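Some notes on the structure that comes next.
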Ligand SMILES: Nc1ncnc2c1ncn2[C@@H]1O[C@H](COP(=O)(O)OP(=O)(O)OP(=O)(O)O)[C@@H](O)[C@H]1O
Ligand SMILES: [Mg+2]
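In full-length UniProt numbering, the protein residues as written are 1 to 492.
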């Protein structure tokens, strides 16, 4: 790709960017949120027409007319946002658009689809039932299905746009072994990720974009995490674990949960959250951390247990109840639960507070702009205007809008479920700073995170879960990765 230029209304997304890919290599494309990575890949697959520049594919000038054309030519993409049909089965999702065989007007029968899907899974060593409805799978499993769909085509180029954001460590290992297999067969892969450790593990070269501009390309073995981050953000960022808790022993308990049971994944969970505290929830995927959060937020029903907010027992039957008690929840699955992609930045940001912006039946749009604008600045949300539709923002910036939403609601108890997933290193440290400011101002945070360095860096105290139960609780001063893993794998 040579000298690629692309503008959207108000945004110069790509400014003469160059990029090349060899057969059989894994080439990382990195950069901060909004740097232009996804746009570059959408140009390559014919989703967005480029304004200028040239693409050469197998030595020939190439002008993809749409993603279907690109796919027929052997270029497939797995998008950052899941792109599948919840109500269809796994097999139907894999064969969608390919039901008829070679123009003979014949449809691949349901049975054949299931059989071929099963073969694919067996070949890739995956255990997913082809007849299961997609919507019943975890986000991680859905992502694996999307990956299998892409590799089921005969590809020369595969683009993976943040494929691991929702995957468990075991699923990431699976993905990487699939990728190594593809590479050995000559497939070139473009790998977009914000996780530096993955880039070191799986890629051969790294290309960095910043603000729509090409910064440079390095061989992975000849560069370092520090150099890449420096190229991305133009400064060096240090991440150090917290040494001791910032919360006094006698701080007020703002949330007390006793013997909480909900569904199969939350069993007799008890804990306390103090004012000004960041309580880390550690554990492996499927430990029941999200389910615990959802029960407290009223998104899932509670079977038994007591929840007290500031010393008073409360009844929470719906998210509305939780919000009225000052609890805000930033979901890990933001696309499904956290965001209205068809609404603007402003509309999303004031969703739970809308009424407070109406006075005598008039919407105070000036005040909305002022408040939302303040948080857009504070969180450094990259958007050309407050009216921009959320779906036009880059993935990480969408995430910051959800955070803004709960901050504007002024919730005292914030549950952040994987708050930095899909967020670039620069924005990540901004979000950490923001969380620290929040607790300093008297708010309390539960932070669910699967990244141990993040848990160790942010938490005052750490609660560890395994298979729906609390298996341990550690003060930050006594916590380390080994200790946390010991409890995280403590099966009943
Ligand atoms: N359809 C669109 N309409 C208007 N602006 C867009 C559109 N798609 C992307 N943009 C803008 O183009 C810029 C680049 O966005 P892009 O999605 O390529 O970023 P990214 O590098 O993939 O970021 P992230 O890591 O957050 O996914 C951003 O400022 C974004 O808001
Ligand atoms: Mg992107």
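Quick reminder that beta carbons are idealized off the backbone N, C-alpha and C, glycines included.
Everything numeric in this text was worked out from a predicted model, so none of it was measured.
**Request:** Starting from residue 50, trace the alpha helix (DSSP H) both ways and give me its first and last residue.
**Result:** Per DSSP, residue 50 is not a residue of any alpha helix (DSSP H), being assigned neither H nor E.
**Item:** residue 178 to residue 193 span [Cα, whole Å]
**Value:** So the alpha carbons of these two residues sit roughly 17 Å apart.
**Request:** Consult DSSP for residue 499 and reduce its assignment to one of helix, strand or coil.
**Result:** In the structure as shown, the chain begins at 1 and stops at 492. Residue 499 is therefore absent and cannot be evaluated.
**Prompt:** Which residues count as close to ligand 2 when the rule is a CB under 7 Å from any of its heavy atoms, in chain order?
**Reply:** Checking every Cβ against the heavy atoms of ligand 2 under 7 Å gives 37, 38, 80, 161, 162, 192, 394 and 395.
**Message:** Three or more C-beta pairs under 8 Å: does that hold for the stretch 210 to 230 against the stretch 48 to 63?
**Reply:** Judged by Cβ distances under 8 Å, the stretch 210 to 230 makes no contact with the stretch 48 to 63, as fewer than three pairs qualify.
**Item:** residue 362 burial status per 10 Å Cβ neighbour count (16 or more: buried)
**Value:** Taking a 10 Å sphere around the C-beta of residue 362, we find fewer than 16 other C-beta atoms and assign the residue as exposed.
**Message:** Taking 8 Å as the cut-off, does the stretch 304 to 313 touch the stretch 249 to 262 (at least 3 CB pairs, one atom from each stretch)?
**Reply:** Verdict: yes, contact present.
**Message:** As a quick exercise: from 216, 1, 279 and 146, pick the residue whose alpha carbon is nearest that of residue 246.
**Reply:** Looking at the Cα atoms, 279 is the closest of the given residues.
**In DSSP terms, what residue 313 is bridged to** = Assignment of beta-bridge partners to residue 313 by DSSP yields 308.
**residue 33 and residue 360 closer than 7 Å at C-beta** = No, the Cβ-Cβ distance between residue 33 and residue 360 is not below 7 Å.
**Request:** For residue 92, collect the residues of the same chain with a Cβ closer than 7 Å to its Cβ; drop the 5 residues on either side in sequence, then sort them by chain order.
**Result:** Sequence-distant partners of residue 92 (beyond 5 residues in either direction) whose C-beta falls short of 7 Å from its own C-beta, in its chain, are 113.
**Message:** Going by the DSSP bridge assignment, what does residue 60 pair with across the sheet?
**Reply:** Beta-bridge pairing links residue 60 to 57.
**Request:** Check each candidate in 315, 386 and 147 and name the one with the smallest Cα separation from residue 346.
**Result:** Distances from the CA of residue 346 to each of 315, 386 and 147 were compared; the closest alpha carbon is that of 386.
**Message:** With the cut-off set at 7 Å, would you say residue 266 and residue 468 are in Cβ contact?
**Reply:** Taking 7 Å as the Cβ cut-off, residue 266 and residue 468 qualify as a contacting pair.
**Message:** Nearer than 6 Å: is that true of the beta carbon of residue 34 relative to any heavy atom of ligand 1?
**Reply:** Within the cutoff, so yes.
**Request:** Give a single yes or no on whether residue 13 has its beta carbon closer than 6 Å to a heavy atom of ligand 1.
**Result:** Taking 6 Å as the cut-off, one finds at least one heavy atom of ligand 1 near enough to the beta carbon of residue 13.
**Asked** Is the Cβ-Cβ distance between residue 19 and residue 207 less than 7 Å?
**Response** Less than 7 Å divides the Cβ of residue 19 from the Cβ of residue 207.
**Prompt:** What is the DSSP secondary structure of residue 103, reduced to helix, strand or coil?
**Reply:** In this predicted model, residue 103 has a pLDDT of only 43, less than 50, meaning its place in the structure is not dependable; the value taken from the coordinates is given anyway. Residue 103: coil per DSSP, three-state reduction.
**Asked** For residue 243, is the classification buried or exposed, using 16 other Cβ atoms within 10 angstroms of its Cβ as the cut-off for buried?
**Response** By the neighbour-count criterion, in which a residue is buried when 16 or more other Cβ atoms sit within 10 angstroms of its Cβ, residue 243 is exposed.
**Prompt:** Are residue 27 and residue 46 close, meaning C-beta to C-beta below 7 Å?
**Reply:** Contact: no.
**Request:** Could you tell me which of 144, 58, 159 and 188 sits nearest to residue 173, measuring between CA atoms?
**Result:** Between residue 173 and the set 144, 58, 159 and 188, the nearest pair of CA atoms involves 144.
**Asked** Where does residue 487 fall in DSSP's three states?
**Response** The answer is helix: DSSP assigns residue 487 an H, G or I state.
**Item:** Simplified DSSP assignment, three categories, for residue 347
**Value:** Assignment of residue 347 by DSSP, reduced to helix, strand and coil, places it in the helix class.
**Message:** Am I right that residue 405 and residue 340 are in contact with their C-beta atoms under 8 Å? What's the rounded C-beta distance?
**Reply:** Not a contact, Cβ separation roughly 10 Å.
**Asked** Any chance the CB of residue 68 is under 6 Å from a heavy atom of ligand 1?
**Response** Relative to ligand 1, the beta carbon of residue 68 is positioned no closer than 6 Å to any heavy atom.
**Rounded C-alpha distance that separates residue 271 from residue 492** = For residue 271 and residue 492, the gap between their C-alpha atoms comes out near 19 Å.
**Prompt:** Going by the beta-carbon positions, is the gap between residue 416 and residue 447 smaller than 7 Å?
**Reply:** Yes. Within cutoff.
**Where residue 357 falls: helix, strand or coil (DSSP)** = Residue 357 falls in the helix class under three-state DSSP.
**Exposed unless 16 or more other CB atoms sit within 10 angstroms - verdict on residue 394** = So residue 394 ends up on the buried side.
**Request:** State the Cα-Cα distance for the pair residue 368 and residue 384, rounded to the nearest angstrom.
**Result:** About 17 Å.
**Asked** Just to check, is the beta-carbon of residue 8 closer than 6 Å to a non-hydrogen atom of ligand 1?
**Response** Yes, the beta carbon of residue 8 sits closer than 6 Å to at least one heavy atom of ligand 1.
**Request:** Can you give me the Cβ contacts of residue 427 inside the same chain, cut-off strictly under 6 Å, excluding the 5 residues immediately before and after it?
**Result:** If we look at residue 427 and ignore the five residues flanking it on each side, its Cβ neighbours are 33 and 396.
**Request:** Could you pull out every residue in the same chain whose Cβ sits closer than 7 Å to the Cβ of residue 203, ignoring the five residues on either side in sequence?
**Result:** Within the same chain, 26, 27, 28, 191 and 220 come within 7 Å of residue 203 by CB-CB distance, once the 5 residues on both sides are set aside.
**Message:** Rounded to whole angstroms, what is the Cα-Cα separation between residue 351 and residue 370?
**Reply:** Straight-line Cα distance between these residues: approximately 15 Å.
**Asked** Hey, out of 87, 22, 420 and 325, whose CA is closest to residue 56's CA?
**Response** Ranked by Cα distance from residue 56, the first of 87, 22, 420 and 325 is 22.
**Asked** Are at least three pairs of beta-carbons, each pair with one atom in the stretch 284 to 303 and one in the stretch 373 to 384, less than 8 Å apart?
**Response** No: the two stretches stay apart, fewer than three of their Cβ pairs being nearer than 8 Å.
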